[in-house]
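Taking our numbering, the leading residue of the sequence shown gets 1227, the next gets one more, and so forth.
Note that beta-carbon positions come from the ideal geometry of N, C-alpha and C, so glycine has one too.
Notes for the one structure printed next.
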Amino acid sequence: MKSFFSDIPEIKFEGSSSRNPFAFKHYNATERVEGKSMRDHLRFAVVYWHTFRGTGSDPFGAGTMQRPWDDGSNSVANAQKRARVAFEFIGKLGAPYYCWHDRDVAPEGRTLAESNRNFDAVAKVLKEEQKRTGIKLLWGTANLFSHPRYVHGASTSCNAEVFAYAAAQVKKAMEVTHELGGEGYTFWGGREGYMTLLNTDMQREQEHLAQLLHLAVAYKKQIGFKGQFYIEPKPKEPTKHQYDSDAAACLNFLRQYGLLPHFKLNIETNHATLAGHTMQHELEVAGAAGALGSIDANTGDELLGWDTDQFPTNIYLTTYSMLAILKYGGLSTGGVNFDAKVRRESFEPADLFHAHIGGMDAFARGLKIAAAIRRDGRLDEFVRQRYASWDSGIGARIESGKATLKELEAYSLKKGDAAANASGRQEFLENLINEFI
Ligand code: XLS
Ligand code: NI
Ligand code: NI
């Protein structure tokens, strides 16, 4: 096949003094950090939807992206060609993984049967390309939000026929993920929420969402798919309120419906900020519950209130993300998936390289800085000290669950006022972080 990126070299690590825009300054795949290669820590993935299907259109204007390999048609042949180009791109970049929705890779047909045939025809090419390049599928997912049939949601639709159709789509997407050796499968509740409560039976809708997930868990077992299931929280957009609104809401939902053992969370930065949280907060909530699975790495614009899905370049963001990820043992089945799109104004193919190189370098720096902070030990030691009153005496007794209210009253009456508090030292700790940035 004709090369579409012949003017762009394979992206290599050249070190921080390099001025080559088509080189990594910090991401050195084989360099070891905390005993593991950067490649294995970060497990970078390229998303098919933004990178190969994004047109650059917005509510006020048409698409702008120059994608010379794409004939603009909805044909299977075009989709197959695009797949080969995608692997040329991912291979040159040196990312080990990619992710897709069913409808990104293959065109939707007039019937479900035709859609499934189209999907199989493109999956055949994806499989060949995976084999040729060694690039692997981090996770697959079904697009249950773009088609007008999903106007009222998919599994949470008021229309049972739509639930059935969504279930069929999930079944097929799971099969193809399995066929391609996918290491995970993600559920993002695209329109699983409401626009107004006036027309919504929220309890029933949530039960239906849980039902679809239970059906998927059962089918996973049936076909022997060993990949990890993920739920991706997002509070709003396209709906006013999405049921999987943030990490805490997802965990509560999974627990309530007996699904927690089967799922981990896929945390996306811009979704965290839309929920009014930091990425670090969401990672902590997931990690503390043993449910930190994967991340959709992007960033929002703090002055814009929607999911702008920009590439992450902020070193504080990547440092805080990697601190949380390392703290909870790293991404095992998951990865750093660039659910991000180049700006509408960045319409040349070369911009796709700049965007990914920048994101990968930002995460590599975040990883190195987080590891250095951990090696230094002062931050951890400060937190350990801060809770030292729990390690012995009355604190240890409370933690052990043996203390009663009566006993604590007697203790406090005898002691008088609680012991003086120590400073939280926020500014000191912020300065400490800056020593490493
Ligand atoms: C949209 C979501 C979506 C999921 C996959 O905001 O981030 O892209 O990651 O369905
Ligand atoms: Ni996402
Ligand atoms: Ni998103």
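Contact test: Trp1275 Cβ vs ligand 1 heavy atom, cutoff 8 Å: Here residue 1275 refers to the residue found at position 49 of the sequence shown. At least one heavy atom of ligand 1 is nearer than 8 Å to the Cβ of Trp1275, so yes.
Beta-carbon contacts of Glu1574 that lie in its chain and below 8 Å, excluding the five residues immediately before and after: If you number the sequence shown from 1, residue 1574 lands on position 348. Here Glu1574 has Gln1292 as same chain residues with Cβ atoms under 8 Å from its own Cβ, once five neighbours each way along the sequence are excluded.
Inter-residue Cα distance where the pair is Arg1430 and Glu1418: Position 204 of the sequence shown, counting from 1, holds the residue named residue 1430. Position 192 of the sequence shown, counting from 1, holds the residue named residue 1418. Between Arg1430 and Glu1418, the C-alpha separation is close to 12 Å.
Integer Cβ distance of Leu1543 from Met1586, believed to fall under 8 Å: As a working note, residue 1543 is residue 317 in the sequence shown. As a working note, residue 1586 is residue 360 in the sequence shown. No, Leu1543 and Met1586 are not in contact; Cβ-Cβ is about 14 Å, not under 8 Å.
Lys1632: CB within 8 Å of a non-hydrogen atom of ligand 1: Counted from its first residue, the sequence shown places residue 1632 at position 406. Every heavy atom of ligand 1 is 8 Å or more from the Cβ of Lys1632, so no.
Beta-bridge partners of Ala1249, as assigned by DSSP: Residue 1249 sits at position 23 when you count from the first residue of the sequence shown. Looking at the DSSP output, Ala1249 sits in a beta bridge with Lys1238.
Residue from Asp1606, Gln1306, Gly1502, Tyr1546 with nearest C-alpha to Tyr1531: As a first step, residue 1531 is located in the sequence shown; it is residue number 305 there, counting from the start. A quick correction: the sequence has Gly, not Tyr, at residue 1531. Among Asp1606, Gln1306, Gly1502, Tyr1546, the Cα nearest to that of Gly1531 is on Gly1502.
Coarse secondary structure for Cys1325, derived from DSSP in three states: The residue labelled residue 1325 in the question sits at position 99 within the sequence shown. Assignment of Cys1325 by DSSP, reduced to helix, strand and coil, places it in the strand class.
Length of the line joining the Cα atoms of Arg1570 and Ile1624: Taking the sequence shown and counting its residues from 1, one reaches residue 1570 at position 344. Taking the sequence shown and counting its residues from 1, one reaches residue 1624 at position 398. Here the alpha carbons of Ile1624 and Arg1570 stand approximately 56 Å from one another.
Supposed contact pair Val1331 and Leu1352 - C-beta distance, whole angstroms, cut 8 Å: Within the sequence shown, numbered from 1, the residue matching residue 1352 stands at position 126. Within the sequence shown, numbered from 1, the residue matching residue 1331 stands at position 105. Correct: roughly 7 Å between the Cβ atoms.
Glu1635 in three-state terms, based on DSSP: Taking the sequence shown and counting its residues from 1, one reaches residue 1635 at position 409. If DSSP states are grouped into helix, strand and coil, Glu1635 belongs with the helices.
Straight-line gap, Pro1294 to Asp1577 (C-alpha atoms, nearest Å): Translated into the one-based positions of the sequence shown, residue 1294 becomes position 68. Translated into the one-based positions of the sequence shown, residue 1577 becomes position 351. Just so you know, the alpha carbons of Pro1294 and Asp1577 end up roughly 14 Å apart.
Opposing strand residues paired with Asp1284 [DSSP bridges]: Along the sequence shown, one-based indexing puts residue 1284 at 58. Here Asp1284 is bridged, per DSSP, to Gly1287.
Simplified DSSP assignment, three categories, for Phe1564: Walking along the sequence shown from the start, residue 1564 turns up at place 338. In this structure, Phe1564 counts as strand in the three-state DSSP scheme.
Test item: CB-CB of Ala1349 and Ala1368 under 9 Å: Along the sequence shown, read from residue 1 onward, the residue named residue 1349 stands at position 123. Along the sequence shown, read from residue 1 onward, the residue named residue 1368 stands at position 142. It is not a contact, given that the beta carbons lie outside the stated cut-off.
Three-way DSSP call (helix, strand, coil) for Trp1414 in this model: Here residue 1414 refers to the residue found at position 188 when the sequence shown is read from its first residue. In the structure shown, Trp1414 sits in a strand (DSSP, three-state: E or B).
C-alpha distance - Glu1607 paired with Pro1247, whole-angstrom precision: For the purposes of this step, residue 1607 is taken as residue 381 along the sequence shown, with counting starting at 1. For the purposes of this step, residue 1247 is taken as residue 21 along the sequence shown, with counting starting at 1. Distance between the alpha carbons of Glu1607 and Pro1247: 39 Å.
Residue burial classification, Phe1479 (beta-carbon count within 10 angstroms, cutoff 16): Taking the first residue of the sequence shown as position 1, residue 1479 is located at position 253. A residue is called buried when at least 16 other Cβ atoms come within 10 angstroms of its Cβ; Phe1479 meets this threshold and is buried.
Residue burial classification, Met1227 (beta-carbon count within 10 angstroms, cutoff 16): Counting from one through the sequence shown, the residue named residue 1227 turns up at place 1. The residue in question, Met1227, is exposed, as its Cβ has fewer than 16 Cβ neighbours within 10 Å.
Where the beta strand (DSSP E) through Tyr1613 begins and ends: Here residue 1613 is taken as the residue at index 387 of the sequence shown, counted from 1. Counted as a single uninterrupted DSSP element, the stretch harbouring Tyr1613 is not any beta strand (DSSP E), since DSSP gives it neither H nor E.
Rounded straight-line distance, which links the Cα of Asp1533 to that of Met1421: Working through the sequence shown from its first residue, we reach residue 1421 at position 195. Working through the sequence shown from its first residue, we reach residue 1533 at position 307. Using only the alpha carbons, I get a separation of about 17 Å.
Between the CA atoms of Asn1540 and Asp1233 - distance to the nearest angstrom: Here residue 1233 refers to the residue found at position 7 of the sequence shown. Here residue 1540 refers to the residue found at position 314 of the sequence shown. In a straight line, the C-alpha of Asp1233 is about 29 Å away from that of Asn1540.
According to DSSP, residues forming a beta bridge with Lys1353: In the sequence shown, counting from the first residue as 1, residue 1353 sits at position 127. For Lys1353, which the question treats as bridged, DSSP gives no partner whatsoever.
Thr1544: first and last residue of the uninterrupted alpha helix (DSSP H) it sits in: Residue mapping note: residue 1544 aligns to position 318 of the sequence shown, counting from 1. Its alpha helix (DSSP H) spans residues 1541–1553.
Alpha-carbon to alpha-carbon, Phe1537 and His1580: The residue you call residue 1580 lines up with position 354 of the sequence shown. The residue you call residue 1537 lines up with position 311 of the sequence shown. One C-alpha to the other measures close to 10 Å.
As assigned by DSSP and simplified to three states, the class of Gly1298: As a first step, residue 1298 must be located in the sequence shown, where it is residue number 72. If DSSP states are grouped into helix, strand and coil, Gly1298 belongs with coil.
Short Cβ contact (9 Å threshold) for Ala1436 with Leu1477: Numbered from 1 along the sequence shown, position 210 holds the residue referred to as residue 1436. Numbered from 1 along the sequence shown, position 251 holds the residue referred to as residue 1477. No, these two residues do not count as a Cβ contact at 9 Å.
Proximal residues to Ala1590 (C-beta, below 8 Å), its chain only, five neighbours per side dropped: Taking the first residue of the sequence shown as 1, we reach residue 1590 at position 364. Cβ neighbours of Ala1590 beyond the five flanking positions: Phe1250, His1252, Tyr1253, Asn1254, Met1264, Leu1268.
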